[in-house]
Amino acid sequence: MSDPKQGRLVQALEGATVQQERETVHANPVGLDAEEAARMVEALNVVHAGTFNLFYLVRKHYWGAEGAESGAVAEFLQGAYGRLRAVDDDVAKRATVIGGVPVSTPPEIQEYAPVHLESEHLYSLRASLEGDLDAYATLAVAFREAIDVAVAVGDEASRELLEDRLETLEEDAHTLERYVEDDTLVGVER
Amino acid sequence: MSAPHLRSPDVSERRREWGTVGDNEIRLDHESAAAVVDDLNHCLSGLYILFNQLRKHAWTVAGAESHQIEGRLEDNADTLSDLTDELAIRVHALGGVPVNGPKGIRQHAPMRIEAGDVYSLRDALQNDLEGYATLAVGFREAIETARAVGDERTVESLESGLLRIEGDAHTVERYLGDDSLTD
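Taken in order, these protein sequences are the chains called A and B. So this note's numbering is basically just the index in the first sequence, starting at one, shifted up by 215. So this note's numbering is basically just the index in the second sequence, starting at one, shifted up by 432.
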């Protein structure tokens, strides 16, 4: 394979059969009409892309916390990133079930995601966690907007999925808030 | 280069700069640590790309055999996620900054990222198999580098990781050998 640095990193598979093009919505087996399904897929992709990014933020900060031997925080972050991945997988699959294509390439994810990644440097644990807390709040807003869309188009299964997973996010955001408020957090970094 | 879509905490909060290797606690000299970090970041970029490729395929598999394959792809993604954590934490210990965003992934990418369309299952799995082969090459190179500088702990991590990658690649290969996996 040629050096990826020389060209575009994202590339179509040569000679492969495309089963469904990105940004298209096929007929679905769950009774949503084409326009409703397209609206729901769009909202799910926003939630999916935002969750995708928050997973990477929290995991990055887990690595740093682990390195600084800040045990309880590291353990929480490890669990939290695992829950974000599971939530993301479930939302992406829901987009597939209703006939859509979950966004998967970095340019598409950055286009959709309401949660922004952090620049590549490593930051203090406190600054990192404060950013994560903001990101959880931003993502929760996207979930609520997607729930509104689900209600509007009558997609009960998406509504239930989103409401359930929003609860998971809110619990983790609450735990994170307690860590950020805890003064000893400064003591665990070098 | 500053990217407006990236969150950038105040510079006073910065602890390590991307692309630099500082002191380490394991008595490896700076040049040796930097060489190992570079190779580990190459592995981490490949792990990022293949991990998300497997997830994409798990999300989008459709068809009679989808549940079994979906589960297998997710298990394989779990393995790559575990290896990612292990290597990233090792990069920290070596005084470096692990690949953690688009810039680092691009800078170290050993393979391309599959376009956003959904491909036939056979084509998708074929691409996964190629991803595994590329990743294995990167692990072998990193093993050589770590061994040359006497970083035995990294050698051990990479060797056990390579074994798991090869095992998982084999499970994908078996699906491709199955005639019922229609194009």
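A virtual CB, placed ideally from N, CA and C, is assigned to each residue, including glycine. Source: prediction; values computed, not measured.
Check the DSSP bridge columns for Glu333(A) and list the partner residues they point to.
DSSP lists Arg439(B) as partners of Glu333(A).
Just tell me which of Ala258(A), Pro244(A), Leu292(A), Ser319(A) has its CA closest to the CA of Leu384(A).
The candidate whose alpha carbon is nearest that of Leu384(A) is Leu292(A).
Between Val468(B) and the rest of its own chain, which residues show a CB-CB distance below 7 Å, the 5 nearest in sequence each way excluded?
Within the same chain, Val468(B) has close Cβ partners Leu526, Thr577, Ala578, Val581, Asp583, Thr586.
What span of residues does the beta strand (DSSP E) with Val233(A) cover, start to end?
For Val233(A), the uninterrupted beta strand (DSSP E) run begins and ends at 233 to 235, by DSSP.
Please go through the same chain and pick out, in chain order, the residues whose beta-carbon is closer than 7 Å to the beta-carbon of Glu598(B), but skip the five residues on each side of it.
Contacts found: Ala568.
Could you check if Leu482(B) is buried or exposed, using at least 16 other CB atoms within 10 Å of its CB as the buried criterion?
Counting Cβ neighbours within 10 Å, Leu482(B) comes out buried, since at least 16 surround it.
Count the other CB atoms within 10 Å of the CB of Pro244(A); is the residue buried (16 or more) or exposed (fewer)?
With fewer than 16 other Cβ atoms within 10 Å, it is exposed.
Spell out the partners DSSP gives Val550(B) in its beta bridges.
Bridge partners of Val550(B): Gln235(A).
For Val587(B), three-class secondary structure by DSSP:
Here Val587(B) sits in helix by DSSP.
Proximal residues of chain A, C-beta to C-beta of Tyr551(B) below 7 Å
Under the 7 Å cutoff, chain A gives Leu228, Ala231, Thr232, Val233, Gln234.
Which term fits Gly478(B), buried or exposed, when burial requires 16 or more other beta carbons within 10 angstroms of its beta carbon?
Gly478(B) counts as buried, since at least 16 other C-beta atoms from the protein chains shown sit within 10 angstroms of its C-beta.
Compare the C-beta of Glu518(B) against all C-beta atoms of chain A and say whether one is closer than 7 Å.
It does not: the Cβ of Glu518(B) has no partner Cβ on chain A nearer than 7 Å.
Grab the span of the beta strand (DSSP E) containing Arg446(B) for me, first residue to last.
Counting along the chain, the beta strand (DSSP E) containing Arg446(B) begins and ends at 446 to 448.
Mind reading off the beta-carbon distance from Val330(A) to Leu354(A)? Whole number of angstroms is fine, and I expect it under 8 Å.
Contact holds; Cβ gap of about 5 Å.
Report all residues from its chain with a CB closer than 8 Å to the CB of Ala509(B); omit the five preceding and five following residues, and keep chain order.
The beta carbon of Ala509(B) lies closer than 8 Å to those of Phe483, Leu486, Arg487, Ala490 in the same chain, with the five residues before and after it left out.
Nearest-angstrom Cβ-Cβ length linking Tyr351(A) and Ala264(A), presumed shorter than 8 Å:
15 Å between Cβ atoms; not a contact.
Note down the Cα distance separating Asp457(B) from Gly593(B), rounded to an integer number of angstroms.
A small correction: the amino acid at residue 457(B) is Glu; Asp does not occupy that position in the sequence shown. Distance between the alpha carbons of Glu457(B) and Gly593(B): 23 Å.
Verify whether the separation of the beta carbon atoms of Pro534(B) and Val523(B) is less than 7 Å.
Result no, Cβ atoms of Pro534(B) and Val523(B) do not sit closer than 7 Å.
Is Ile545(B) helix, strand or coil by DSSP?
DSSP places Ile545(B) in strand when its eight states are reduced to three.
What residues of chain B sit near Glu323(A), judged by a beta carbon separation below 9 Å?
Here the neighbours are Gly548.
Looking at the secondary structure, which residues open and close the alpha helix (DSSP H) in which Asp363(A) lies?
From DSSP, the alpha helix (DSSP H) with Asp363(A) extends over 340 to 368.
Let's test the definition: count the other Cβ atoms within 10 Å of the Cβ of Thr603(B) and tell me whether it reaches 16, buried, or not, exposed.
Label assigned to Thr603(B): exposed.
For the region 375 to 394 of chain A, list every residue whose C-beta sits within 8 Å of some C-beta in chain B, in sequence order.
Residues: none.
Starting from Asp555(B), find everything on chain A with Cβ-Cβ shorter than 7 Å and list it in chain order.
Near Asp555(B) (Cβ distances below 7 Å), the residues of chain A are Leu228, Ala231, Thr232.
Strictly by DSSP, which residues pair up with Val225(A)?
Answer by DSSP bridge pairing, in chain order: Ile545(B).
Using a Cβ-Cβ distance cut-off of 7 Å, determine whether Ser498(B) contacts chain A.
Judged by the 7 Å Cβ criterion, Ser498(B) is not in contact with chain A.
Name the chain A residues that come within less than 9 Å of Thr586(B), Cβ to Cβ?
Those within 9 Å of Thr586(B) in chain A number zero; the least Cβ separation is about 15 Å.
Inspect the beta-carbon positions of Thr311(A) and Ile545(B) and report whether they are closer than 7 Å.
Taking 7 Å as the Cβ cut-off, Thr311(A) and Ile545(B) do not qualify as a contacting pair.
Within this structure, are the beta carbons of Ile362(A) and Leu377(A) separated by less than 7 Å?
Yes.
Between the C-alpha atoms of Gly528(B) and Ala342(A), what's the straight-line distance to the nearest angstrom?
About 19 Å.
Drop a sphere of 10 angstroms on the beta-carbon of Ser444(B), count the other beta-carbons inside from all chains shown, and report buried for 16 or more, exposed for fewer.
Ser444(B) comes out exposed.
Give me, in chain order, the residues of the same chain whose beta-carbon lies closer than 7 Å to that of Thr390(A); leave out the 5 immediate sequence neighbours on both sides.
Excluding positions up to five away in sequence, the list reads Phe291.
How should His437(B) be labelled, buried or exposed, when 16 other C-beta atoms within 10 angstroms of its C-beta is the threshold for buried?
Flag for His437(B) reads exposed.
Option in Glu463(B), Pro542(B), Leu476(B) with minimal Cα separation from Thr516(B)
When each option's Cα is compared against that of Thr516(B), the closest is Leu476(B).
What residue from Gln234(A), Met255(A), Leu228(A), Gln226(A) has the CA that sits closest to Glu371(A)'s CA?
With distances taken between Cα atoms, Glu371(A) lies closest to Met255(A).
Shortest alpha-carbon distance to Leu553(B) belongs to which of His276(A), Arg223(A), Ala295(A), Thr232(A)?
Selected option, being the one with the closest Cα: Thr232(A).
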